[in-house]
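Shown next, in structure tokens, is the structure this report addresses.
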Amino acid sequence: MGILIFLLKAYMVFLMLVLLLYIIRHYTFALNRALGKQRLYYQDVLDEDLPTVSVLVPMHNEEKVARHILDLLVASDYPKEKLEIIPINDHSTDRTKEILEEYAQKYPFIRPLHRYGDLPRGKQNGLNDALKIAKGEVIIVYDADYLPPKGQIRALAIAFKDPRVGAVMGRVVPINAGKNLLTRLLDIERSGGYQVDQQARYNLNLIPQYGGTVGGFRKSLVIELGGFDARILAEDTELTYKIYLNGYKVAYANSAECYEEAPEDWNVRARQLRRWSRGHNQVMFKYFLPTILSKKLSFWQKVDGLLLLAIYMQPFLIFLGLLNSLLLFFLGEMEIASSYLFLLFIFAHNSFGNFAPFFEIGIALVLDGAKQRVFILPLMFFEFIFNTIYASLGFFDALIDLITKRTILWQKTERFRNV
Amino acid sequence: MFEVLILVVLFFIFLFLPFVPSLIELFLKRDAEPIPINPERKKEPDYFGKSFINLLATALKDLKIQEVERLNPVYLKLKLNKEEWVGFLNDEKLAESTMDTPVVFTKDTVFLQNHTFRRELVVFGNAVFKNTCVARSLYVKGDCLIEAPVRIVRWAHVKGTLITKSNADLGVSIYAREIRIRGWTTFKRAYAQKIDTSDDPLVDKKNNNTERVINLKGNFSITDNIRIAGKEKPVFVDGDIFCDGDVQIEGDVWIKGNVFSQKSITLKDGVVIGIEGKVKSVVARGEILIKGPFRIYGYLHSEKGVEVSP
């Protein structure tokens, strides 16, 4: 019994230390974005010698949104002789195939890739197949529900002039922000995630993340690194780590903003979050050790890289901590350490630590000039509980994947746009 | 019993109090629109001048006036961004020392007097500044020669050649077919097919002994400061330079690609950037300092400012 109580207490101390690291991380990012020097992106470089670009748009039953994104890509100001668009029709059973063929007839630079039959489903598989036929030096990826502005392909592709850049990431903005409570919460969460978190990581030369959409990568590099692992659901996070571990970097383009459609239904969001968590944790299992051992990463990049890898494991750790504290309470063993300093630390964490991500979001909203949205922040508390549950389930999924090596099926996020 | 009830009610009031502002915002939707993104957004160095002149042309078209150049002195109320008076003048003497409305000079104009144009100044012809002038923005349909101190607050758009022979602060954004800087000049962004500070032939136009030239091929990405000096031998860089630190380039150095720095850039004594007929850029987060003979084919950009001392 004594050993069990010791282990339970030790876990609480461990959890507190982990959370302390995340508090420092969130505050560092928030303060850097508010007061620090902002690293310049490449959008101001005007150059006529642009790289050839292949835009890949993975699609599975996207008849609701396919025309919108294709019309916007056709209207892009990128030189058409250097541009090709490859919509990847992945086993669609609706009218997606007909829509893509219609556009291909009209525009010679649209070359759809239809995937049916025995070909395995999933974004990673589709991207791997598209890489085999893509002619561009640079690959830009959009999910089918995105609405890229006219100059965005140029703004993203120009980053690859820098030979150290392996991938680039733009900013995602929900177009249906005002629809309901969920979309409003996702909207402010995205603001914090991009306007502060990603930009601060770019400023501090840490590890800004390639997000798999509104972003791109150097084709030759990804092919050299073996393409995308079909067993990993978060192909974007995996690519981020592959790039850094091979001495390249991800550039973040905060000004390359693009509308997306955020989930409007809690069940859809739950599935999306669980899938993200599962994929992210798969990457964590695969890259935790290589990140520690890497000779290409600086010390701070390793710290940031490890904290980023564990970000979807954190809710699970907190969940365990809650169960742990309940157990300790009923065992009458809540006195973990008698030092007043330790108590002060716990109070300080409760006073400031829990609010660290909130500060990030608050600063992001101020930078975006959306000050009234700050009032929504207290409701993030409920989303925090929701995230804890579904991210924890995603962690379990990844754990089972790791143990059983089971087959992984891709689940598409449902669209809500009216045709 | 009553006290308990009061306590329970107070407990729930304080429990839900933090959520009251959220619920008010949720139901009133005062700030529920998506963050605005302009779908037409693209990088256009001539954006300001082009937008203004399109507004002016549209407003005149609405009044069924096609030939601006032939307008006699007149003030017209036009709908630009808002409805406002615009002066169409054909003689500089008709302009007061301080003008509060947009002014259009309908033919070649020499500015002999000291003026402050608090709004846009447009010249449908060539413009010569022979006295101190301040303008919010400047649009010139022909060439523009600055021979006295001129200050532009926002943008300058010259369809022909812009020549500065005196001190000039050209504001945020300059666009011209060609820019010849012969006096101390500052700005934040400048775009032209050719921007130079000297008529002398520089390293790209000289007959260089190919055996003496140091050729560096490829694109370069540097995490520290970099200094390239072409004092003893000419240096040709056949690609771009991306640098996290300060960039200092001097002497007979020809960078055929872009130069980008997260700090400052100094270019002096004969540096050439880009290739004739192609657009290349020099972009810095810090200052860009240009001293002595220099030429670029393309674009200069620094939000901290570009300072040119020919």
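Protein chains in written order, with the working numbering: chain S, 1 to 419; chain V, 420 to 729. Beta carbons are placed, not taken as given, at the ideal position from N, Cα and C, and that holds for glycine. Bear in mind the structure is a predicted one, so any value in this text is a computation, not a measurement.
Contact with chain V is found for Asp368(S), since one of that chain's Cβ atoms lies less than 7 Å from the residue's Cβ. Scanning chain S for C-beta atoms nearer than 9 Å to the C-beta of Pro464(V) yields Leu46, reported in chain order. Contact of Val214(S) with chain V is not assigned, every C-beta pair being separated by 7 Å or more. The contact set of Leu181(S) on chain V, defined by CB atoms closer than 8 Å, consists of Leu445 in chain order.
Counting along the chain, Phe382(S) sits inside the alpha helix (DSSP H) bounded by residues Met380 to Thr404. Annotated three-state conformation of Phe548(V) is strand, per DSSP. What Tyr558(V) touches in chain S, judged by beta-carbon distance under 7 Å, is nothing: the nearest beta carbon there is about 21 Å away. Among the bridge pairs identified by DSSP, Trp504(V) is matched with Lys496(V). Taking a beta-carbon distance threshold of 7 Å, Ala177(S) counts as an interface residue toward chain V. Shown here, Trp603(V) sits in coil according to DSSP, grouped into three states, outside any helix or strand. Contact between Pro58(S) and Ala157(S) fails: their C-beta atoms lie close to 19 Å from each other, not under 8 Å. By the Cβ neighbour-count rule, Glu695(V) is exposed, with fewer than 16 other Cβ atoms within 10 Å of its own. Pairwise C-beta distances place the region 425-433 of chain V out of contact with the region 294-314 of chain S, as fewer than three of them are shorter than 8 Å. Contact annotation: the region 545-554 of chain V touches the region 567-575 of chain V, with at least three C-beta pairs closer than 8 Å.
According to DSSP, Ile684(V) shares a beta bridge with Val666(V) and Ile707(V). Sixteen is the threshold: when 16 or more other Cβ atoms of the shown chains lie within 10 Å of the Cβ of Arg608(V), as they do, the residue is buried.
Using a CB distance cut-off of 7 Å, Lys448(V) counts as an interface residue toward chain S. Bounds of any alpha helix (DSSP H) do not take in Val727(V); it lies within the beta strand (DSSP E) bounded by Phe713 to Ser728. Neighbours of Val173(S) in chain V, taken as residues whose beta carbon is under 7 Å from its own, are Pro453, Ile454 and Ile456 in chain order. Arg95(S) does not reach chain V, its nearest Cβ partner there being about 25 Å away, counting only Cβ pairs nearer than 9 Å. Contacts with chain V (Cβ-Cβ distance below 8 Å) from the region 305-327 of chain S involve no residue at all.
Among the CB atoms of chain V, one or more fall inside 7 Å of the CB of Gly151(S).
Rounded to whole angstroms, the Cβ separation of Asn677(V) and Val173(S) is 29 Å, and the two are not in contact under 8 Å.
At a cut-off of 7 Å between beta carbons, Lys132(S) makes no contact with chain V.
Contact check for Pro729(V) and Arg596(V): beta-carbon distance about 19 Å, past the 8 Å limit, so the pair fails to qualify. Counting the other CB atoms within 10 Å of its CB gives Thr93(S) a total below 16, which places it among the exposed residues. Listed by position along chain S, the residues whose Cβ is nearer than 9 Å to that of Arg596(V) form an empty set, because the closest Cβ is around 16 Å away. Not one beta carbon of chain V lies nearer than 7 Å to the beta carbon of Leu35(S). Per DSSP, Asp90(S) is not a residue of any alpha helix (DSSP H); the beta strand (DSSP E) it occupies stretches across Leu83 to Asp90.
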